[in-house]
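A quick write-up on the structure given underneath.
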Amino acid sequence: MLLIGGVVAAVVAGRQGDDKGTATKTVRGVIGSEKSDFFADPDVVKALAAKGYTVKTEASGSWAMEDLDLKGYDFAFPSSSAPADTLAGKYHARQPLPRPFYSPLVVVAHRSAAEVLAANGLAVLDGGGKGILKMGAYLDAAEHDRTWQQLKGAKAHGELTGTLFITSTDPETSNSGALYLAAASYVANGGRVVASGADVARTTPLLRKLVSVQGAQQPSSDAVFRDFISGAGNPLVCLYESQVVSLLAEQHSADDLVVLYPDTTVNSDHTVVPLDDAGRALGELLSTDPALRKLAVRHGFRPQGDSAEFVQATADRAAHLNQTLTGVRQAPVPTSAVLHEMARRARG
Amino acid sequence: MTRHPLLALLAAAAVVLTGCTAKDHDDDSAAPRPGTLRVLASSELSDMTAVFDRVRKDTGVTVRPTYMGTLDAVDLLARGKADGRYDALWLSSDDYLRLRPEAAKKVVSETSIMTSPVAIGVRTATAKALGWKPDAVTWSRIEQAVVAGRLSYGMTDPARSNSGFATLISVASALSGAQSALTDADVAKATPQLKEFFKGQKLTSGSSGWLASAYQRRGDVDALLNYESVLKGIPGLTVIRPSDGVVTADYPFSSLAGTSAATREDVREVTEDLRGAAVQKLITDTTRRRPVVASVPPAAGLDTTRRRELPFPGSRSVADGLISAYENELRRPSRTVYVLDTSGSMDGDRLNRLKKALTDLTGDFRDREEVTLMPFGSAVKSVRTHVVEPADPKAGLAAIRKDTEALTADGNTAIYTSLEKAYDQLGSGEDTFTSIVLMTDGENTTGDKAGDFDGFYRELSTDRQRIPVFPILFGDSSRAELQHIATLTGGRLFDARQGSLDGAFEEIRGYQ
Numbered sequence: 128m129l130l131i132g133g134v135v136a137a138v139v140a141g142r143q144g145d146d147k148g149t150a151t152k153t154v155r156g157v158i159g160s161e162k163s164d165f166f167a168d169p170d171v172v173k174a175l176a177a178k179g180y181t182v183k184t185e186a187s188g189s190w191a192m193e194d195l196d197l198k199g200y201d202f203a204f205p206s207s208s209a210p211a212d213t214l215a216g217k218y219h220a221r222q223p224l225p226r227p228f229y230s231p232l233v234v235v236a237h238r239s240a241a242e243v244l245a246a247n248g249l250a251v252l253d254g255g256g257k258g259i260l261k262m263g264a265y266l267d268a269a270e271h272d273r274t275w276q277q278l279k280g281a282k283a284h285g286e287l288t289g290t291l292f293i294t295s296t297d298p299e300t301s302n303s304g305a306l307y308l309a310a311a312s313y314v315a316n317g318g319r320v321v322a323s324g325a326d327v328a329r330t331t332p333l334l335r336k337l338v339s340v341q342g343a344q345q346p347s348s349d350a351v352f353r354d355f356i357s358g359a360g361n362p363l364v365c366l367y368e369s370q371v372v373s374l375l376a377e378q379h380s381a382d383d384l385v386v387l388y389p390d391t392t393v394n395s396d397h398t399v400v401p402l403d404d405a406g407r408a409l410g411e412l413l414s415t416d417p418a419l420r421k422l423a424v425r426h427g428f429r430p431q432g433d434s435a436e437f438v439q440a441t442a443d444r445a446a447h448l449n450q451t452l453t454g455v456r457q458a459p460v461p462t463s464a465v466l467h468e469m470a471r472r473a474r475g
Numbered sequence: 002m003t004r005h006p007l008l009a010l011l012a013a014a015a016v017v018l019t020g021c022t023a024k025d026h027d028d029d030s031a032a033p034r035p036g037t038l039r040v041l042a043s044s045e046l047s048d049m050t051a052v053f054d055r056v057r058k059d060t061g062v063t064v065r066p067t068y069m070g071t072l073d074a075v076d077l078l079a080r081g082k083a084d085g086r087y088d089a090l091w092l093s094s095d096d097y098l099r100l101r102p103e104a105a106k107k108v109v110s111e112t113s114i115m116t117s118p119v120a121i122g123v124r125t126a127t128a129k130a131l132g133w134k135p136d137a138v139t140w141s142r143i144e145q146a147v148v149a150g151r152l153s154y155g156m157t158d159p160a161r162s163n164s165g166f167a168t169l170i171s172v173a174s175a176l177s178g179a180q181s182a183l184t185d186a187d188v189a190k191a192t193p194q195l196k197e198f199f200k201g202q203k204l205t206s207g208s209s210g211w212l213a214s215a216y217q218r219r220g221d222v223d224a225l226l227n228y229e230s231v232l233k234g235i236p237g238l239t240v241i242r243p244s245d246g247v248v249t250a251d252y253p254f255s256s257l258a259g260t261s262a263a264t265r266e267d268v269r270e271v272t273e274d275l276r277g278a279a280v281q282k283l284i285t286d287t288t289r290r291r292p293v294v295a296s297v298p299p300a301a302g303l304d305t306t307r308r309r310e311l312p313f314p315g316s317r318s319v320a321d322g323l324i325s326a327y328e329n330e331l332r333r334p335s336r337t338v339y340v341l342d343t344s345g346s347m348d349g350d351r352l353n354r355l356k357k358a359l360t361d362l363t364g365d366f367r368d369r370e371e372v373t374l375m376p377f378g379s380a381v382k383s384v385r386t387h388v389v390e391p392a393d394p395k396a397g398l399a400a401i402r403k404d405t406e407a408l409t410a411d412g413n414t415a416i417y418t419s420l421e422k423a424y425d426q427l428g429s430g431e432d433t434f435t436s437i438v439l440m441t442d443g444e445n446t447t448g449d450k451a452g453d454f455d456g457f458y459r460e461l462s463t464d465r466q467r468i469p470v471f472p473i474l475f476g477d478s479s480r481a482e483l484q485h486i487a488t489l490t491g492g493r494l495f496d497a498r499q500g501s502l503d504g505a506f507e508e509i510r511g512y513q
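As structure tokens, this is what we get:
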């Protein structure tokens with residue numbers, strides 16, 4: 128709700144300073160914050176200008192966009208298909224919506240934590256820097272309040288004490304936290320997407336556990352990511368793969384980092400909701416332009432349709448990335464309304 | 002590498018002295034100005050001056066901080082008192098803020114800039130005597146050293162300062178054996194052990210800066226509990242992050258709702274600069290906080306072995322319950338003599354303001370607290386002592402209000418003679434936080450002179466010399482005179498001329 132004032136103010140200010148005398152067309156959009164770096168990248172700005180576009184963006188939580196008044200914007204660009212579908216309905220945007228790129232939800236772990244999980248059948252490691260997190264086994268541990276101390280091999284690592292849990296963001300405000308609940312609820316619901324009131328009721332006790340054990344939750348995936356980098360916080364953190372890909376490009380030594388791909392995960396589908404023709408044209412351009420697709424990979428996203436681009440561009444980081452998502456199942460995401468209700472109940 | 006962190010800290014504390022006492026928001030310096038961000042900031046960020054200078058050079062944006070305890074800042078936001086007065090918020094953590102929806106809705110976006118965990122800084126000789134190896138010290142071992150009478154420490158007031166609150170959560174989590182986020186039951190279970198633990202606290206403070214200087218001055222305190230960054234700046238301390246877990250501050254730079262697009266753009270630029278590699282390196286090198294970008298390693302001397310992160314409570318009832326238990330049950334009670342100028346010049350509005358300030362204060366006195374009212378004019382007029390008894394706190398508070406209401410203004414101003422009486426009134430007070438508050442609206446006009454008081458103070462026993470005087474500058478009182486008293490006794494001067502008398506009394510609470 129808060130964002131409304133800010134967004135409108137930004138648009139008014141932006142209009143006053145319209146780019147006079149340039150040949151490019153200015154397109155305005157509200158985007159999920161994890162794409163701010165992409166649109167701010169000078170090479171992206173250049174590539175868009177080469178195609179005749181100046182893109183002005185304002186960041187908002189993907190789930191908060193439903194409450195915004197998007198009048199005056201050309202597109203919205205949430206980080207999940209569920210809010211995108213809701214927005215498309217509200218603004219009568221034609222389906223199918225352009226989905227230029229996506230990124231699966233992953234769990235980053237310090238090496239010590241990953242090895243203990245593997246030794247206790249909760250994960251399978253593949254070489255040095257990556258592995259599969261067994262969601263069924265993990266949720267079973269969560270349900271029984273299993274502590275690190277009860278896992279063999281944890282004693283050797285002083286920081287591995289207390290209840291075993293994955294840190295996520297606040298699912299009521301942040302997309303990655305909501306998608307974590309989506310993945311967990313799919314598994315807890317016997318491999319079916321949560322759709323009915325009965326499904327919600329059945330899965331609530333477990334989801335509530337996953338959330339309450341964390342205490343205070345951070346509002347954005349960037350915040351939990353930064354804690355992890357600085358060496359603070361929980362040894363298991365739920366993030367977007369795109370964040371990890373960027374980190375690996377930046378970090379000189381990633382020996383201590385293990386990227387666990389949940390065997391059942393969900394994708395963050397970065398979906399453009401065109402609010403007019405200019406917005407749709409931009410969405411198509413982001414999906415098809417080879418230069419822009421390449422730049423999306425630079426920011427860790429997987430371009431839709433062709434996995435070779437991602438595999439090739441991240442070859443130097445293959446030790447940490449499950450490039451072809453082998454052994455990873457994509458669970459569908461519940462509708463916005465269901466996910467909101469799940470998050471509300473989980474927060475208690 | 003000739004860095005003098007303590008000096009920097011003390012200098013910063015001195016700035017805080019004159020800069021933050023219940024600041025009057027109507028003065029011109031608080032008005033909005035393009036290219037300047039008015040930032041409501043945690044007080045320990047006063048060590049960031051070099052970083053602010055660098056940011057100004059990089060972005061052209063001036064960061065103008067107003068320092069305040071985290072919980073006070075959250076309260077200000079929740080009551081809407083920060084609206085239009087501040088452009089951004091920079092607290093050590095927004096965790097508590099998120100437990101107060103009225104405050105949380107004032108924040109639009111937040112970006113973590115740096116981190117620092119809670120730690121204990123122990124005199125190196127004490128650590129040796131205890132046989133402590135930094136890697137193997139737990140909160141339980143610290144508690145055992147306290148129980149054995151081998152360790153005393155100072156920390157900031159959890160009800161005002163986030164470093165104190167984070168410490169309290171760390172201790173409560175570790176000593177209760179809680180395996181996940183603290184619950185009311187955990188706190189209840191750990192209460193007996195927590196009581197033992199807090200018997201070791203000999204020093205309390207409303208800010209990290211004053212805590213450090215009081216620690217240096219006293220010499221009888223073995224350790225400090227605070228953020229690692231603060232402790233690393235104090236010479237002679239071995240800094241230990243307890244191995245059973247810590248709470249870490251992550252300093253989110255936050256933009257506020259209701260600010261203009263231009264302001265939000267300034268916030269974005271400053272944030273981006275703070276997150277750049279160059280400034281991250283400057284931050285860790287000059288303030289000993291830990292960077293949040295992977296390309297910048299933590300400054301030399303920051304141990305990178307891992308610690309369990311103790312979860313911050315997820316509900317306000319647990320957080321506030323813990324603070325309330327600390328204030329009313331766990332900590333040493335405070336014992337205070339209020340030396341109150343009720344000379345002739347106080348007549349009318351000034352006396353009314355004093356009465357209102359004292360009456361408001363009765364809402365804040367803690368269980369077990371001993372309060373002595375010592376009004377004076379040409380001499381001390383009366384000495385009335387009240388205790389807030391846990392069995393019937395209202396009775397003590399009502400008595401204080403009644404005595405306050407009965408104050409009348411007449412006579413001259415015998416500051417020093419009255420202060421001497423206050424010291425006579427107080428014993429050494431081993432089991433309390435003992436202090437004197439001096440409120441005067443004029444200069445000393447009768448009785449002992451400054452030199453006499455200096456002589457009197459020098460003759461006091463060491464124990465009594467440790468009782469600080471917190472003078473409040475009000476009306477026509479002399480800054481030089483009161484600053485001298487504060488410096489001599491190890492207190493701190495509070496300025497009620499810049500702000501309100503209520504605000505000054507309220508701020509001193511953190512030091513009692």
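Residue numbers (our numbering), protein chains in the order written: chain C, 128 to 475; chain E, 2 to 513.
Backbone N, C-alpha and C define an ideal beta-carbon position, used for all residues, glycine too.
Any beta-carbon of chain C closer than 9 Å to the one on residue i?
{"i": "A182(E)", "result": "yes"}
{"i": "D25(E)", "result": "Residue placement at D25(E) is flagged as unreliable, the pLDDT there being 39, under the threshold of 50; the coordinate-derived value follows with that caveat. D25(E) does not count as touching chain C."}
{"i": "R309(E)", "result": "yes"}
{"i": "S93(E)", "result": "no"}
{"i": "D245(E)", "result": "yes"}
{"i": "E111(E)", "result": "yes"}
{"i": "R101(E)", "result": "no"}
{"i": "F254(E)", "result": "no"}
{"i": "F495(E)", "result": "no"}
What do you reckon, are the CB atoms on residue i and residue j nearer than 9 Å?
{"i": "A79(E)", "j": "A104(E)", "result": "yes"}
{"i": "T116(E)", "j": "V293(E)", "result": "yes"}
{"i": "D390(C)", "j": "G254(C)", "result": "no"}
{"i": "L311(E)", "j": "G358(C)", "result": "no"}
{"i": "D164(C)", "j": "H467(C)", "result": "no"}
{"i": "E370(E)", "j": "V388(E)", "result": "yes"}
{"i": "S44(E)", "j": "G246(E)", "result": "no"}
{"i": "I401(E)", "j": "V372(E)", "result": "yes"}
{"i": "S499(C)", "j": "G188(C)", "result": "Residue numbering for chain C in the displayed model covers 128 to 475; residue 499(C) lies beyond these limits and cannot be assessed."}
{"i": "A240(C)", "j": "L375(C)", "result": "no"}
{"i": "S153(E)", "j": "Q202(E)", "result": "yes"}
Count the other CB atoms, across all protein chains shown, that sit within 10 Å of the CB of residue i; report buried if there are 16 or more and exposed otherwise.
{"i": "N449(C)", "result": "buried"}
{"i": "E270(C)", "result": "exposed"}
{"i": "D102(E)", "result": "Note on identity: in this sequence residue 102(E) is Pro, with Asp being the wrong assignment. Burial call: exposed."}
{"i": "K395(E)", "result": "exposed"}
{"i": "T287(E)", "result": "buried"}
{"i": "N227(E)", "result": "buried"}
{"i": "P193(E)", "result": "exposed"}
{"i": "N353(E)", "result": "exposed"}
{"i": "R459(E)", "result": "exposed"}
Which partner residues does residue i have in the DSSP bridge list?
{"i": "G155(E)", "result": "L204(E) and L225(E)"}
Is there a Cβ of chain E sitting closer than 9 Å to that of residue i, yes or no?
{"i": "L333(C)", "result": "no"}
{"i": "P362(C)", "result": "yes"}
{"i": "V340(C)", "result": "yes"}
{"i": "P210(C)", "result": "no"}
{"i": "A473(C)", "result": "no"}
{"i": "I356(C)", "result": "yes"}
Does the segment 219-227 of chain C come close enough to the segment 398-414 of chain C to have 3 or more Cβ pairs within less than 8 Å?
Two segments are said to touch when three or more pairs of C-beta atoms, one from each, lie closer than 8 Å; by this definition the segment 219-227 of chain C touches the segment 398-414 of chain C.
Using 8 Å as the threshold, is the segment 134-150 of chain E in touch with the segment 276-285 of chain E, meaning 3 or more CB pairs across them?
Flag = no, the segment 134-150 of chain E and the segment 276-285 of chain E do not touch.
With three or more C-beta pairs closer than 8 Å as the rule, is the segment 328-341 of chain C touching the segment 279-298 of chain C?
Here the segment 279-298 of chain C makes contact with the segment 328-341 of chain C; the two share three or more CB pairs at distances below 8 Å.
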